[in-house]
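Position 113 of the sequence shown, counting from 1, maps to 113 under full-length UniProt numbering, and the rest follow consecutively.
Glycine residues also receive a C-beta, built at the ideal position from the N, C-alpha and C atoms.
Remarks on the structure that follows.
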Amino acid sequence: GRIVPYGGGLLVPSKLHQLRPFAQAIRRVIKQRHVVMIYPEAHVWPYYTGIRPFENGAFHYPVTTNAPVFATTMTYQARRWRQKPRRILYVDGPFWPDEQLPLKARQQQLEAQVRTAMTTRAALSTATYIHYQQREEADS
Numbered sequence: 001g002r003i004v005p006y007g008g009g010l011l012v013p014s015k016l017h018q019l020r021p022f023a024q025a026i027r028r029v030i031k032q033r034h035v036v037m038i039y040p041e042a043h044v045w046p047y048y049t050g051i052r053p054f055e056n057g058a059f060h061y062p063v064t065t066n067a068p069v070f071a072t073t074m075t076y077q078a079r080r081w082r083q084k085p086r087r088i089l090y091v092d093g094p095f096w097p098d099e100q101l102p103l104k105a106r107q108q109q110l111e112a113q114v115r116t117a118m119t120t121r122a123a124l125s126t127a128t129y130i131h132y133q134q135r136e137e138a139d140s
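Laid out in structure tokens, this is it:
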């Protein structure tokens, strides 16, 4: 929350009027050739071994700024003597937007490339430390 900006992070705006300054800040950071880390899944689930659906617009900024995308995928490997699995972080890329395509098609193209890379890496996990299960809706 409040400490994110001290680490160089930008909080996603919660109000519509904050969107323009946020977009300007993102573009400025990319123009300065700094890293912008966006979680396309929008949430971090510790030890989750799958790839969840991506949020709409997760690839908007790389497409509008023609910036490369790198995908990071955490995998978990079973250990012989420890309960917690060993973590291995893979970085794939760069993936570049195809400037010949229309804007939405570029976003979809980047999303497909990143999803393929992340799904391939996620399949390398050999351990499940936390089992996530969708809650069933209670009948009223």
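Exercise for the section: Work out the CA separation of PRO68 and PRO45 for me, nearest whole Å. Expected result: In the sequence shown, counting from the first residue as 1, residue 45 sits at position 45. In the sequence shown, counting from the first residue as 1, residue 68 sits at position 68. Rather than Pro, the amino acid found at residue 45 in this sequence is Trp. Their backbone Cα atoms lie some 25 Å apart in a straight line.
Problem - Among THR75, GLN18, HIS60 and TRP96, nearest to ILE51 - alpha-carbon criterion - result: The count along the sequence shown starts at 1 and reaches residue 51 at position 51. Looking at the Cα atoms, THR75 is the closest of the given residues.
Handout entry: In DSSP terms, what ARG87 is bridged to
Key = Translated into positions along the sequence shown, residue 87 becomes position 87. Its beta-bridge partners are TYR76.
Problem - ALA71 in three-state terms, based on DSSP - result: As a first step, residue 71 must be located in the sequence shown, where it is residue number 71. In this structure, ALA71 counts as strand in the three-state DSSP scheme.
Problem - LEU89 burial status per 10 Å Cβ neighbour count (16 or more: buried) - result: As a working note, residue 89 is residue 89 in the sequence shown. Per the 10 Å Cβ criterion, exposed.
Exercise for the section: Please determine, among THR64, GLN113 and LEU10, the residue with the shortest C-alpha to C-alpha distance to PHE70. Expected result: Sequence index remark: in the sequence shown, residue 70 carries index 70 (1-based). Of the listed residues, the one whose Cα sits closest to PHE70 is GLN113.
Problem - Environment of GLN107 [buried if 16+ CB atoms lie within 10 Å] - result: If you number the sequence shown from 1, residue 107 lands on position 107. The residue in question, GLN107, is buried, as its Cβ has 16 or more Cβ neighbours within 10 Å.
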